[in-house]
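Under this note's numbering, think of the first position of the sequence shown as -8, with each following residue one higher.
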Amino acid sequence: MITGHAMDDLLAVVGRERQVLERLLYRLIQTASLLTGDETRFLHWLALDLERVAEHLREIDLQRSIIAVGVQDLNPDAHGLPLPDTMTLIASNAPTPYRFLLDDHQEAMRTLVGEIGTNVALIRDLVREQLASIASHATPRGPRQAGDDHHDRPAQMDALDREILNSGYGAVLNACDRLQLPELVRFLDC
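Written out as structure tokens, the structure reads:
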């Protein structure tokens, strides 16, 4: 049976990780909304925000991994056994109050990871659609200005506008590509 301060520390880190996942989901929904609204002037900010949240998530992931090893060290029955490297295994060896809390976090975080994956796929599709539009010169409209009604504006874009948009959309796409969370997915038994 696992108890002690390490379990409290693990719950605190898992709680923070869950909050960061929620913040990442918020940023992804915000990004998709701005992309569908043709708000191209914020593309680099969107990418930067996504990268910051993803970096914070990676830092917390490392903290959780370190604390999970400490939780294993507190289990006198576990010597010689493999580390409980999934939330399911840790919860199964935890006392009842901890088990319920870990199960709750696991369920919520699995849902968040699924929603994050769905939104990343949507953003990739939106970005690729815009990049294809720019490449084909079909209907690129160039960067919007405050107060513009982009539907009434003629499709005018020079080479510099195209490069700025390609760079912005590319930054968002690269940020989405860096949102791979294999350790978290493995930890959650997704």
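Positions of the beta carbon are idealized from the N, C-alpha and C atoms, including for glycine. Values in this document were obtained by computation on a predicted structure and should not be read as measured data.
Asked	Found
Relative to the C-alpha of aspartate 52, which residue among Ala166, Val118, Glu8 is closest?	Glu8
Using the three-state DSSP reduction, which class does methionine 148 fall into: helix, strand or coil?	coil
Between which residues of its own chain and asparagine 165 is the CB-CB distance below 8 Å, once the five residues before and five after are set aside?	Ala38
Identify whether glutamate 8 lies in helix, strand or coil by the three-state DSSP scheme.	helix
Check this for me: beta carbons of leucine 156 and leucine 48, under 8 Å apart or not?	no
Are there 16 or more other CB atoms within 10 angstroms of the CB of arginine 144, so buried, or fewer, so exposed?	Interpretation of arginine 144 is limited by its pLDDT of 42, a score under 50 that renders its predicted location unreliable; no figure is taken from the coordinates.
From what residue to what residue does the alpha helix (DSSP H) around alanine 85 run?	Taken as a continuous stretch (DSSP letters only), alanine 85 belongs to no alpha helix (DSSP H), as it is neither H nor E.
Using beta-carbon positions only, say whether alanine -3 and glycine 61 come within less than 8 Å of one another.	yes
Where does aspartate 76 fall in DSSP's three states?	coil
Counting C-beta neighbours from all protein chains within 10 Å, is the total for leucine 12 16 or more, i.e. buried, or is it exposed?	buried
Does DSSP put leucine 37 in a helix, in a strand, or in coil?	helix
Answer yes or no: do glutamine 54 and methionine 78 have a C-beta to C-beta separation smaller than 8 Å?	no
Using the rule of at least 16 other Cβ atoms within 10 Å of the residue's Cβ for burial, across every protein chain shown, is proline 88 buried or exposed?	exposed
Mapping DSSP to helix, strand and coil, what is aspartate 180?	coil
Using only the heavy atoms of the ligand COA, determine whether one of them is closer than 7 Å to the beta carbon of tyrosine 17.	Judged by which ligands are present, the structure shown has none, so any question about the ligand COA falls away.
So isoleucine 114 and cysteine 167 are in contact, right, with Cβ under 8 Å, and what is the actual spacing, rounded?	5 Å
Quick one: what does DSSP say leucine 172 is sitting in, helix, strand or coil?	coil
Within 10 Å of its beta-carbon, does valine 5 have 16 or more other beta-carbons around it, so buried, or fewer, so exposed?	buried
Measuring only the C-alpha atoms, how far is tryptophan 36 from leucine 179?	30 Å
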